[in-house]
Ligand code: NDP
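Numbering (our numbering), first residue to last: 598 to 841.
Put into structure tokens, the structure is as follows:
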């Protein structure tokens, strides 16, 4: 196992925009080797090229977290290339908010598939090799919505409560792994663009005026990763100062 906190191999899901992109950029700037995954390969390719142009170490691989096979191939490729996987940041997520009455069942299922199954697929893909390594770090991005429920966010909150439950269970079962949950509040990203209900989208985009930059979340993740191996930062809640 590595004995220093420097230059880890870090895989970031959902690295094509927002928090994932900012996290990849920040971790590369801190000297880590980052592997960016997302479906929009043009975006992750461009971010990885930009990181390399700035002297960082980055590569990318197409990833759909709803597919266990896609996740396994993402992890396998990174492992083949770098010889180890030190950290997985399960960041990919979607937030098509709506009231339950709207019966947007396909969107409920989408949130479950990406936000819960995606995290479980990530864990399934790295757990055996992290056990073999005798060390590893799984960072799961939950939300302030994983701590509280608000109208239109019942299903989204349920997925983020689930991310926290899964993370705590993994932590309790793992004396060789570090497990961190990062729970952001309003953060500037493309997340609200996926809200199909116009009224809800405009309301959320209005509240996004208070949002903090995605780099603030990247910095929190960098902090957790950069701690000495015996120090496991379990949860960080980070939100705009003005958020209620
Ligand atoms: P963005 O919409 O900007 O980014 C979401 C990322 O998830 C994109 O890179 C997208 O990539 C990726 N993604 C979505 N579906 C899949 C999939 N099936 N497979 C792989 N990647 C996928 O939003 P954020 O940066 O805000 O979201 C990142 C995380 O932060 C999410 O988990 C979100 O719930 C959480 N969060 C965000 C908050 C905020 O206010 N912004 C607050 C609290 C939590 P692509 O489409 O290219 O596949």
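Ideal Cβ placement from N, Cα and C applies to all residues, glycine included. This one's a predicted model, so the numbers in the text were calculated from it and none came from an experiment.
Simplified DSSP assignment, three categories, for residue i
i, result
"residue 832", "strand"
"residue 627", "coil"
"residue 616", "helix"
"residue 603", "coil"
"residue 733", "strand"
"residue 827", "coil"
"residue 794", "coil"
"residue 700", "coil"
"residue 787", "coil"
Inter-residue spacing [alpha-carbon to alpha-carbon] between residue i and residue j
i, j, result
"residue 808", "residue 820", "21 Å"
"residue 670", "residue 768", "25 Å"
"residue 601", "residue 628", "Bear in mind that the predicted position of residue 601 carries a pLDDT of just 46, short of 50, making it unreliable; the figure below should be weighed with that in mind. Taking the straight line from one Cα to the other gives about 12 Å."
"residue 731", "residue 765", "19 Å"
"residue 761", "residue 744", "9 Å"
"residue 722", "residue 788", "25 Å"
"residue 827", "residue 682", "18 Å"
"residue 605", "residue 630", "6 Å"
"residue 749", "residue 833", "24 Å"
"residue 598", "residue 733", "In this predicted model, residue 598 has a pLDDT of only 37, less than 50, meaning its place in the structure is not dependable enough to derive any value."
"residue 672", "residue 837", "33 Å"
Same chain only: Cβ atoms within 6 Å of residue i, ignoring 5 sequence neighbours per side
i, result
"residue 735", "685 and 776"
"residue 794", "695"
"residue 617", "609, 611 and 688"
"residue 751", "697"
"residue 738", "688 and 779"
"residue 549", "In the structure displayed, the chain extends from 598 to 841; residue 549 sits before or after that span and is not available."
"residue 657", "633, 641, 642 and 645"
"residue 615", "786, 787 and 811"
CB-CB length for residue i against residue j, believed under 8 Å
i, j, result
"residue 814", "residue 779", "6 Å"
"residue 676", "residue 633", "Between residue 633 and residue 676 the Cβ distance is about 15 Å, and since that is not below 8 Å, they are no contact."
"residue 712", "residue 757", "7 Å"
"residue 661", "residue 637", "Contact flag wrong, Cβ pair sits at about 11 Å."
"residue 728", "residue 773", "7 Å"
Sheet register partners of residue i (DSSP bridge)
i, result
"residue 781", "835"
"residue 608", "632 and 685"
"residue 763", "Residue 763 pairs with nothing; no bridge assigned."
"residue 654", "630"
"residue 726", "Its beta-bridge partners do not exist; DSSP assigns none."
"residue 774", "733"
"residue 741", "In DSSP, residue 741 forms no bridge with anything."
"residue 659", "635"
"residue 809", "784"
Same chain only: Cβ atoms within 8 Å of residue i, ignoring 5 sequence neighbours per side
i, result
"residue 804", "783"
"residue 691", "707, 708, 711, 712, 788 and 791"
"residue 840", "741, 782, 783 and 807"
Neighbourhood of residue i by C-beta, 7 Å cutoff - its chain only, sequence neighbours within 5 removed
i, result
"residue 718", "662, 665 and 668"
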